[in-house]
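*Asks:*
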Amino acid sequence: MSRICHLMVFSVIFASGAAAAQERGLTAAELKRYDKVTHVLVAPCCWREPIAIHRSPEALQMLDEVKQLIVAGRSEEEIKAIYVRRYGAGILIVPPGAEGHWLYALPVSLFTLAVFLAILRLRAPVKRTASRSPSASAELLARVRTETGNDWS
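Take any residue in the sequence shown, note its place counting from 1, add 4, and you have its number in the working numbering.
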């Protein structure tokens, strides 16, 4: 009989500890992970907004699940993997392989190329104009030297 009583007391203590762990607030590190994860998962009801912003019942349920997973000690990658298995890669704001780094490099490269071609295009007329200007005659140089009193050699 005493074993049954001990088992019942242990069960009550264990259940209250689990409930307290779910009800407790998140630590600073857990809160940071929670914020990060909830901003990379899309609400599965409309597939438009992260669950951190969206307020549909599905998004709110996911928020609770993510909180429980973080309290349970799951990493960000594990949590994302759980939802990818459940909903597919579309549940992520940025699906794997779609980072689009080339989208940042392409405009910069095209702008640099356009500036380079514009400089080349504008330099050619300047060189032609500079080479066509007549050089000063010897008479003009002699007159400037005598009027200014300097030797302009």
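For glycine and all other residues, C-beta sits at the position ideal for the given N, C-alpha and C. Here the structure is a predicted model, which is why all the values come from computation and not from measurement.
If you check the beta carbons only, do Glu80 and Val41 fall under 7 Å apart?
*Replies:* Yes, the Cβ-Cβ distance between Glu80 and Val41 is below 7 Å.
*Asks:* Could you give the distance in angstroms between the alpha-carbon of Ile74 and the alpha-carbon of Ala56?
*Replies:* One C-alpha to the other measures close to 15 Å.
*Asks:* Less than 7 Å separating the beta-carbons of Tyr87 and Ile95?
*Replies:* Yes. Within cutoff.
*Asks:* Taking just the CA atoms, how far does Ala118 sit from Thr124?
*Replies:* For the sequence presented, residue 124 should be read as Leu rather than Thr. If I take the Cα positions, the gap works out to 10 Å.
*Asks:* Quick one: give me the first and last residue of the alpha helix (DSSP H) that Arg147 is part of.
*Replies:* Unbroken alpha helix (DSSP H) run through Arg147: 142 to 152.
*Asks:* Where Cys49 and Arg90 are concerned, what is the direct C-alpha to C-alpha distance, given to the nearest angstrom?
*Replies:* Approximately 14 Å between the Cα atoms of the pair.
*Asks:* Is Val98 helix, strand or coil when you go by DSSP?
*Replies:* Coil.
*Asks:* Over what stretch of residues does the alpha helix (DSSP H) that includes Thr42 continue unbroken?
*Replies:* Thr42 -> alpha helix (DSSP H) spans 32 to 42.
*Asks:* I'd like to know if Ile97 contacts chain D, where contact means its C-beta is closer than 7 Å to some C-beta of that chain.
*Replies:* Going by chain labels, chain D is absent from the structure shown, which holds only one protein chain.
*Asks:* Use the C-beta contact count for Tyr108: other C-beta atoms within 10 angstroms, 16 or more gives buried, fewer gives exposed.
*Replies:* Exposed, because fewer than 16 other Cβ atoms sit within 10 Å of the Cβ of Tyr108.
*Asks:* Helix, strand or coil: which one does DSSP assign to Pro48?
*Replies:* Correct three-state label for Pro48: coil.
*Asks:* Suppose the cutoff is 8 Å on Cβ atoms and the five residues either side in sequence are ignored; what does the same chain contact list for Val70 look like?
*Replies:* So the list reads Tyr38, Val41, Thr42, Leu45, Ile55, Ile83, once near-sequence residues are dropped.
*Asks:* Tell me the rounded alpha-carbon separation between Gly29 and Pro99.
*Replies:* Those two C-alpha atoms are separated by around 30 Å.
*Asks:* Which value, in whole angstroms, describes the spacing of the CA atoms of Glu34 and Arg59?
*Replies:* Cα-Cα distance, rounded: 22 Å.
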